[in-house]
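Numbering (my numbering), first residue to last: 31 to 196.
Glycine is no exception: its CB is placed at the ideal position from the N, C-alpha and C atoms.
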């Protein structure tokens, strides 16, 4: 799942249905940072995409539901996100921006922009549409495996445990 999809799902699940009228989400200001590398398991990262995730509401009932609730939701969502794509690209995570334009006594147009970064990753697939390195590939969400425990061996066969041991 992309960051934009995850953010959209999070906001949709946590805001009242009344607020979600006229809602839209999309990517804007997309740029690429060269970060090619083999990710293992048949995956290859072509670049890191940096973008603005834009969420907009045409008729936010600002008197009924304070837009600061949206700010809090965005900050909570952001703190729970993976920092790795930002670190891979040498980027600092930026705080969201919020623009509120009052339409009338009860409603406003609300537009939020959240900086995002994600890996542009491909995986080998005979039916994929992307020709690369003499093979066919398709887009994929990267799957990264991390070791949770290990043993380090030095001069003899007595291992030193790493991680949680029971």
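Based on the DSSP output, what are the partners of residue i in its beta bridges?
i, result
"residue 79", "62, 148"
"residue 87", "53, 140"
"residue 166", "161"
"residue 131", "139"
"residue 153", "73, 168"
"residue 68", "74"
Are residue i and residue j touching if we call contact CB-CB under 8 Å?
i, j, result
"residue 41", "residue 105", "no"
"residue 138", "residue 90", "yes"
"residue 92", "residue 144", "no"
"residue 140", "residue 97", "yes"
"residue 153", "residue 70", "no"
Mind reading off the beta-carbon distance from residue i to residue j? Whole number of angstroms is fine, and I expect it under 8 Å.
i, j, result
"residue 100", "residue 142", "7 Å"
"residue 84", "residue 53", "At roughly 11 Å, the Cβ-Cβ gap does not stay under 8 Å, so residue 84 and residue 53 are not in contact."
"residue 46", "residue 95", "6 Å"
"residue 194", "residue 111", "Not confirmed; about 25 Å, so no contact."
Short of 7 Å in beta carbon distance, which residues of its chain neighbour residue i, apart from the five on each side in sequence? Order them along the chain.
i, result
"residue 43", "none"
"residue 61", "80"
Under 6 Å Cβ to Cβ from residue i, same chain only, skipping five residues before and after it: list those, please.
i, result
"residue 38", "55"
Under 8 Å Cβ to Cβ from residue i, same chain only, skipping five residues before and after it: list those, please.
i, result
"residue 51", "87, 88, 89"
"residue 157", "166, 168"
Are the C-beta atoms of residue i and some chain D residue less than 8 Å apart?
i, result
"residue 109", "Absent here is chain D; the protein component of the structure consists of one chain."
Inset, instruction - Kindly confirm or deny that the segment 140-159 and the segment 78-90 touch, where touching means at least three C-beta pairs closer than 8 Å. - result: yes
Inset, instruction - Check whether the segment 120-132 touches the segment 160-175, taking contact to mean three or more Cβ pairs, one atom from each stretch, closer than 8 Å. - result: no
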